[in-house]
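In the numbering used here, the protein residues as written are 231 to 500.
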C-alpha cells in the first residue's frame with residue numbers, strides 16, 4: 231500500500247491547545263461530525279466505540295441517538311479534550327463513557343459501530359492500527375471512518391511555512407499534511423478499507439469551504455495540526471508569524487479554504 235505513516239504526536243499538541251481546538255467547533259468540527267454521524271447511523275440501544283473523540287463533537291450526538299439503553303465509549307489521548315467533552319455532556323447522558331486512553335491499545339471489542347472522525351492520521355502505524363480499530367467491531371458490525379480529502383486546508387501549510395522564522399527548521403508540509411496519501415479520495419479510501427477487511431463499502435466526499443476571515447485563518451493554525459509548527463515559539467515570535475501569515479493570505483488573494491472530508495462506512499464480515 232505504500233507509505234501510510236504520518237506524524238503521530240499531534241494529540242499531544244492538542245492536549246496543550248484544547249481551548250483553541252474548541253474555538254473551531256461551530257465552524258469546523260461540529261459540521262464535520264454531524265455529516266459523519268448522519269452516515270454512520272447510530273441506532274437505539276447500540277454499543278459504539280468513538281475513537282479519537284476530541285471534545286465530543288461526534289460522541290455526544292451519537293450518545294443521544296443510542297439512548298439510555300445504549301453505550302458510547304468515547305476515547306481520546308488528550309485529557310483536556312475529554313474534560314471539554316465531559317463539560318459539554320453534563321449529567322444528561324449516562325450512556326456516554328469518556329476515557330483518557332490510547333485507542334490503539336483499547337481492549338474491549340464487540341461494538342455494533344466503531345467510528346473515528348479525523349483521527350486515524352494520528353495513529354503511529356496508520357495501516358496496522360486502523361486494521362486493529364476495525365477488529366473492535368463485532369462480526370457484522372459497522373465501521374465508519376472520516377478523513378481529510380486531498381487538498382484539504384491548502385494553501386495554509388505553505389503560507390504558514392513562509393511565515394515562520396528562518397531558523398525554525400520546521401518542515402510544515404510534512405508535519406501538517408492532513409490527508410492520508412493512500413486514502414485521499416472517496417474511491418481510494420473505500421479500496422484501502424476494503425483491503426483492511428471491511429465489506430459492503432460506500433464512501434463519499436462531503437465538500438465544504440470556509441470563508442477565510444483573518445480571525446478564522448489564525449484559529450485554523452492554533453486549533454488544528456498546523457499548531458505543531460508554531461508551538462514553542464515565544465510571544466513576540468508568534469505575533470510575527472501571525473502578521474506574516476495573514477499578510478500572505480491577503481497577498482495571495484485566498485478567500486476560502488477547502489475543508490472537504492471523506493466519509494466511508496463498511497461492515498465487518500460475519
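For each residue, glycine too, the CB sits at the ideal point set by N, CA and C. This one's a predicted model, so the numbers in the text were calculated from it and none came from an experiment.
Delimiting residues of the alpha helix (DSSP H) encompassing residue i
| i | result |
| --- | --- |
| residue 421 | 416 to 425 |
| residue 267 | 260 to 270 |
C-beta contact flag for residue i and residue j at 8 Å
| i | j | result |
| --- | --- | --- |
| residue 293 | residue 302 | yes |
| residue 392 | residue 254 | no |
| residue 450 | residue 456 | yes |
| residue 282 | residue 249 | no |
| residue 503 | residue 308 | Limits of the chain in this structure are 231 at one end and 500 at the other, which puts residue 503 out of reach. |
| residue 330 | residue 312 | yes |
| residue 295 | residue 272 | yes |
| residue 287 | residue 268 | no |
Spatial neighbours of residue i in its chain, beta-carbon cut-off 6 Å, leaving aside the 5 residues before and after
| i | result |
| --- | --- |
| residue 345 | 270, 280, 374 |
| residue 326 | 293, 302, 319 |
Under the three-state DSSP convention, the category residue i falls into
| i | result |
| --- | --- |
| residue 311 | helix |
| residue 392 | helix |
| residue 322 | coil |
| residue 289 | helix |
| residue 412 | helix |
| residue 442 | coil |
beta-carbon residue i near the ligand NAD non-hydrogen atom, thresh 7 Å
| i | result |
| --- | --- |
| residue 277 | What this structure holds is no ligand at all, so the ligand NAD is not there to describe. |
Own chain, CB closer than 8 Å to residue i, minus 5 neighbours either side, in chain order
| i | result |
| --- | --- |
| residue 483 | none |
| residue 468 | 460 |
| residue 180 | The displayed coordinates of the chain run from 231 to 500. Any statement about residue 180 would go beyond what the structure contains. |
Other residues of its chain near residue i: CB distance less than 7 Å, five sequence neighbours each side excluded
| i | result |
| --- | --- |
| residue 429 | 496, 497, 499 |
| residue 486 | 439, 440, 441, 442 |
| residue 490 | 379, 382, 435, 436, 437, 438 |
| residue 386 | 450, 456, 487 |
Unbroken beta strand (DSSP E) run spanning residue i, endpoints
| i | result |
| --- | --- |
| residue 345 | 341 to 347 |
| residue 303 | 301 to 306 |
| residue 484 | Element bounds for residue 484: n/a, residue is neither H nor E. |
| residue 280 | 277 to 281 |
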